[in-house]
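Taking the working numbering, the leading residue of the sequence shown gets 307, the next gets one more, and so forth.
Before any comments, here is the structure.
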Amino acid sequence: MMCSSIVVVGAGIIGVSCAISLQEKVGNVTIVAEHWGSETTSAKAGGIWIPYHAEPKDKVLRWSLRTHEVYTQQEKVIPSLVSVLKGGWLSDLPLCDEMFWLKESLPDGYNVTLSSIEERDSTFYTESYLPIINTAAYLDYLTKQFIEANGKMVRGKVTDLVQLKKEMNADLLINCTGLGSRELLNDQSLYGLQGQVVKLAPMKIPFYLRPEAYFCDYKGAKLYTYIIPRADGIIVGGYAEEADVLPMEESREVSELLIEKASLIVPELKNQKIIGEYVGVRPCRDEVRLELEWKEGHPIIHNYGHGGSGWAILGGCA
């Protein structure tokens, strides 16, 4: 399909990364979105390269490996925004599906052998080197790249994809509206999974004899834990509860619970000052929808429903 003009709907990390990828092939690309930058759920994410709440696994695995390649290259260019840290992974089940899948997905040189998994007081533990992304800053960086490459940005709420494509006189439209596709397309298979993170003031955490970051996964728990040190603060998460109301408000109670759980792993966090709280809703679906649809004779590519994996699989979906 030959295209000279493309419209991308949605300015989260999926929409912006998709638009930049298209710019390399098509000069005329426009992003239309109601929410930008810090207003998006993408900017509030923890930013760990770990596939989470996304299906099907075979495709997500392939997409995540491609994304790992992207981050490996980006770390060399923008190390302040993308870094590879040694992470400790704890789970209450030995080699649960997610943990095994994680280890299988890691490229050579980035994973530890299966023998590194130990049982520690009924908790299973392993370590791996994982890309970590400063999400808000990285999204701003990509948006700036898009604009500097003559990309166009339009702020507005989209209610009809075909009508927008006609109005923009575009050859192709890419739908990256995330949870918004539930209303836009009446896709009732989409549901929201609320998440929350808290940012603590930066500090020198004595990570002696420890990994640099921690990720804890407990089956059936609304609260799970990750600890990510950044230059501008320490990110502590996370939270997972189905939610259909937007926008959500930050809960200080949830933040305190997150810090309490994180302090069991790194006690130095307990009295650290809270400098930010962020809440967002992940766009979950039975499967990521990445496909071409001809709607009223107009080509529309859908790229949404990435769950909590947008930052982990963006390179494979762009």
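All residues carry an ideal CB built from backbone N, CA and C; glycine is no exception.
Check your understanding: Using DSSP with H/G/I as helix, E/B as strand and the rest coil, what is H374?
Key -> helix
Review point. Is it true that the CB of L479 sits closer than 8 Å to the CB of L470?
Key: yes
Check your understanding: Where does Q690 land, buried or exposed, given buried means 16+ other C-beta within 10 angstroms?
Key -> The requested residue 690 is not part of the displayed model; the chain covers only 307 to 624.
Check your understanding: What does a CB cutoff of less than 7 Å around I541 pick up in its chain, not counting 5 residues either side in sequence?
Key -> G352, V503, K505 and I534
Point to revise | Test item: CB-CB of G616 and C590 under 8 Å | key: In this structure, C590 does not lie closer than 8 Å to G616 by Cβ.
Point to revise | T336 vs I619 beta-carbon contact at 8 Å | key: Not closer than 8 Å, so no.
Point to revise | With 16 other Cβ atoms within 10 Å as the buried cut-off, status of W355 | key: buried
Check your understanding: Can you give the Cα-Cα distance for E361 and L496, rounded to whole angstroms?
Key -> 13 Å
Point to revise | Whole-number beta carbon distance between T347 and G586, since they are thought to touch under 8 Å | key: 4 Å
Check your understanding: beta strand (DSSP E) containing R595: first to last residue?
Key -> R595 to K601
**Study point:** C-alpha gap between T483 and S344, whole angstroms
**Key:** 16 Å
Review point. Taking C-beta to C-beta, are S349 and G321 nearer than 8 Å?
Key: Strictly speaking, residue 349 in this sequence is Ala, with Ser absent from that position. In this structure, A349 keeps its C-beta atom at 8 Å or more from the C-beta atom of G321.
Practice item. With DSSP as the reference, label I356 as helix, strand or coil. Key: coil
**Study point:** Segment limits, beta strand (DSSP E) that includes Q578
**Key:** No beta strand (DSSP E) holds Q578; DSSP gives it neither H nor E.
Review point. Would you call T465 buried or exposed, if buried means 16 or more other Cβ atoms sit within 10 Å of its Cβ?
Key: exposed
Check your understanding: Whose C-beta lies closer than 7 Å to the C-beta of G462 among residues of the same chain, with five residues either side of it excluded?
Key -> V338 and E340
**Study point:** Residue environment, A317, which counts as buried when at least 16 other CB atoms sit within 10 Å
**Key:** Under this definition A317 is a buried residue.
Point to revise | Euclidean distance between Cα positions of E583 and H604 | key: A straight-line Cα-Cα distance of about 42 Å links E583 and H604.
Point to revise | Y532 versus E559: straight-line alpha-carbon distance, rounded | key: The alpha-carbon atoms of Y532 and E559 are separated by roughly 17 Å.
Point to revise | Own chain, CB closer than 8 Å to H359, minus 5 neighbours either side, in chain order | key: L499, A546, R588, C590, G613, G614 and S615
Exercise for review: Could you round the C-beta distance between N481 and I606 to whole angstroms and report it? I think they count as a contact, below 8 Å.
Suggested key: 6 Å
**Study point:** C590, DSSP secondary structure in three states
**Key:** strand
Practice item. Rank N492, E433 and I580 by C-alpha distance to the C-alpha of S557 and give the top, closest one. Key: I580
Check your understanding: Could you check where the beta strand (DSSP E) with M459 kicks off and where it finishes?
Key -> K458 to R461
**Study point:** CB of C324 within 8 Å of CB of A624, strictly
**Key:** yes
Point to revise | Beta-carbon proximity of V460 to K601, cut-off 8 Å | key: No, Cβ-Cβ distance for V460 and K601 is not below 8 Å.
Point to revise | C-alpha gap between L490 and Y377, whole angstroms | key: 32 Å
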